[in-house]
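Below: one structure, written as structure tokens.
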Amino acid sequence: MDEQNRNLILATALSFLVILVWFILFPPEEVERPITEAVPASQSENADLPSVGSETGVTNTAPSEEVIEAGRIPIATEQFAGSLSLRGGRLDELSLLRYNETIEEGSPNVTFLKPTGTDGAYFAAFGWVGVDGVGADAVPTPDTIWTQESGDTLTPTSPVTLVWDNGQGQVFRTTVSVDEEFMFTFEQSVENNGETVAMRPYGLLRRHGEPDYLKNFFILHEGLVRMTDGELEEVDYDKIADYSVDEREGVQASRLDVTENGWTGFTDHYWMTTLIPEPGTAFRSVTKYFDSRDIYQTEAVMPVETLSNGDSVTVTTQLFAGAKEWAAIRDYEKQGVEGFLDSIDWGWFFFLTKPMFWLLHQLNVVIGNMGWAIIGLTLVIKTIVLPLAYKSYVSMARMKELQPQMEKLKEESGDDRQKMQQGMMKLYKDNKVNPAAGCLPILIQIPIFFSLYKVIFVTIELRHAPWIGWIKDLSAPDTSSLFNLFGILPWGTPEAGSILALIFIGILPIILGVSMWMQQKLNPAPTDPTQKMIFAWMPWVFMFMLGSFASGLVIYWITNNVITFTQQYLIMRSQGAKPDIFGNIRESFKKAAPAEPDKKKDK
107 MDEQNRNLIL
117 ATALSFLVIL
127 VWFILFPPEE
137 VERPITEAVP
147 ASQSENADLP
157 SVGSETGVTN
167 TAPSEEVIEA
177 GRIPIATEQF
187 AGSLSLRGGR
197 LDELSLLRYN
207 ETIEEGSPNV
217 TFLKPTGTDG
227 AYFAAFGWVG
237 VDGVGADAVP
247 TPDTIWTQES
257 GDTLTPTSPV
267 TLVWDNGQGQ
277 VFRTTVSVDE
287 EFMFTFEQSV
297 ENNGETVAMR
307 PYGLLRRHGE
317 PDYLKNFFIL
327 HEGLVRMTDG
337 ELEEVDYDKI
347 ADYSVDEREG
357 VQASRLDVTE
367 NGWTGFTDHY
377 WMTTLIPEPG
387 TAFRSVTKYF
397 DSRDIYQTEA
407 VMPVETLSNG
417 DSVTVTTQLF
427 AGAKEWAAIR
437 DYEKQGVEGF
447 LDSIDWGWFF
457 FLTKPMFWLL
467 HQLNVVIGNM
477 GWAIIGLTLV
487 IKTIVLPLAY
497 KSYVSMARMK
507 ELQPQMEKLK
517 EESGDDRQKM
527 QQGMMKLYKD
537 NKVNPAAGCL
547 PILIQIPIFF
557 SLYKVIFVTI
567 ELRHAPWIGW
577 IKDLSAPDTS
587 SLFNLFGILP
597 WGTPEAGSIL
607 ALIFIGILPI
617 ILGVSMWMQQ
627 KLNPAPTDPT
637 QKMIFAWMPW
647 VFMFMLGSFA
657 SGLVIYWITN
667 NVITFTQQYL
677 IMRSQGAKPD
687 IFGNIRESFK
697 KAAPAEPDKK
707 KDK
């Protein structure tokens, strides 16, 4: 094997090894937040919300599971079907009409929010906590039964208003509206017709247990996500458990004071709920975990409002609830939700993943198909790195021309490795050849490949996105299989994730293996038997390794191989080299000749 081929193999192997070891040994560091013990709300205007929204009121104990029957207000938009509960004014029943659980015909819509009493309950609620002059029974909580004052159905053109009179001089109202996408707006107001009072409005998100569809994959963040004055924080569900509530010692919570702009919520693979106080408003972000009930809770607690007799106040909080669609989230960021695009997990290579997805999105808008958009993205990427690839392939062509001189130098040097290395360096220098130039495209390709893998894995735009024929979901592996000869035989395919599925791969992985194999045939096989065997097996090893990867990623790799093959062939021809592709293919099928005996040893 010549020096260039050896560099290529070493660069590939070492680069993948470095990335793998790095992510295993040094996962993204979680930002530590102060964990403080809350004090009862009546003791201080700056008190935390001990257990705001607990079904038993404002206490330090875990929420109860008692379900109080109450009426409901339907929600009807192009995005949602669901309802608001008059119990606490909770948004606790929401299905996403444009998303199904699977690609199978008749698959139910994704159910996003669920009421207490159902498996995996998950809801948003808004209320007030008394500070001075107001008892716990005089403020609305997530248990309060509200009265429907106006509006029959919540739609983008018809908000609804809920009202509750505490009988002690304060009347509370909550007006709920929704836009055409995923944003709800809750306007909380109070009119004071009694003595001076002080209270704090809040919004909370409560989730009973981890979601059933939790991926638990290192490349994806699932759990708490919050932006606080320009700083993004991501905490996995298992880390949120550190913010646990102990009934004997009080509440332990992650608490952070936000001075101007921020938001807090829970993010899953494709779905998210986020509390967004009005921009420019200070608030306190609190996250806690009720260990006895396995409940995760995050809160946005607004500043104290003091009202004299005859005063009124209105506080507005937005709630994003739905799919993490890039275009919708980008528009909300433009409308003033600071850093909202960062709620999508772009990863360490965000400087690549963000522009890469932007370009993929724009191509999809023009083409109308994500599979062809991925191919278009590959063409753009290969065009951008073409100058570097050109230098690399020119260097490889010149190295090929120097091959006879290199072989002669090896014969003359014998076992003197130092003499051979010095001769090689002189040969490279005299002919202006850089032996490391061929490694650069591979080193650049690794972060590009990883970034695209991240984009395809985390963005909802690839979920259930079809390409052609049998490829119905670009975020999932190729569903065809050798097991039934790609649908010719009258039986199904192995279950995804099984050993048989790993062996009986689909059409796309096979095309990938062939494309890698053809790319190898631009150069003769190495003469060393061990190196020759490694080269011979490499395409087929990658074929099975990537067989379970998302179809979109395999399409990218196939396209990349085809373009690379074409570029390398044309550039080598332009430099006078004539790759004997068919000759190299014929040579690869010949049996290896038996090794000749060492005549020197015989003598």
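Add 106 to the 1-based position in the sequence shown for our numbering, that's all there is to it.
Glycine residues also receive a C-beta, built at the ideal position from the N, C-alpha and C atoms.
Secondary structure at N206: strand, using DSSP grouped into helix, strand and coil.
Around the beta carbon of M678, a 10 Å sphere encloses 16 or more other beta carbons of the protein chains shown; the residue is thus reported as buried. For W663, no pairing in a beta bridge is given by DSSP.
Annotated as proximal: S449 and V331, with beta-carbon spacing under 8 Å.
Assignment of H467 by DSSP, reduced to helix, strand and coil, places it in the helix class.
CA-to-CA, the gap between T423 and T280 works out to about 11 Å.
Spatial neighbours of G445 in its own chain (CB-CB distance under 6 Å, excluding positions within 5 residues in sequence) are listed in chain order as M333. When the five nearest sequence neighbours on each side are left out, the beta carbons in the same chain lying within less than 6 Å of the beta carbon of G658 are those of I480, I562, L568 and L580, in order along the chain. In this structure, L192 sits near A176, with a CB-CB distance shorter than 8 Å. F290 sits in a strand when the DSSP states are folded into three classes.
The beta-bridge partner set that DSSP reports for E297 consists of V277 and S418. Inclusion of L614 and I687 in the CB contact set at 8 Å is not warranted, their separation being larger than that value. Secondary structure at K538: coil, using DSSP grouped into helix, strand and coil. Your pair N298 and S418 checks out as a contact, with CB atoms roughly 7 Å apart and the cut at 8 Å.
With contacts defined by Cβ atoms closer than 8 Å, I566 and Y343 do not form a contacting pair. A direct Cα-to-Cα measurement between L533 and M505 gives close to 10 Å.
Within its own chain, the residues whose Cβ lies closer than 6 Å to the Cβ of F426, once the five positions on either side in sequence are excluded, are F288, M289 and T380, listed in chain order.
Inter-segment contact for the stretch 306-321 and the stretch 400-408 is present: three or more beta-carbon pairs are separated by less than 8 Å. Cα atoms of K627 and L606: separation of roughly 30 Å, rounded to the nearest angstrom. Runs of the alpha helix (DSSP H) lying entirely within the stretch 452-537 and spanning at least 4 residues, in chain order: 456-473, 476-490, 492-507, 509-519 and 523-536.
With respect to the 8 Å criterion, V392 and M408 are not classified as neighbours on the basis of their beta carbons. Under DSSP, I251 takes part in a beta bridge, and its partners are R193. Within the same chain, Cβ atoms closer than 6 Å to the Cβ of F278 are found at P246, W270 and V296, the five residues on either side in sequence being excluded.
The three-state secondary structure of D271, taken from DSSP, is strand.
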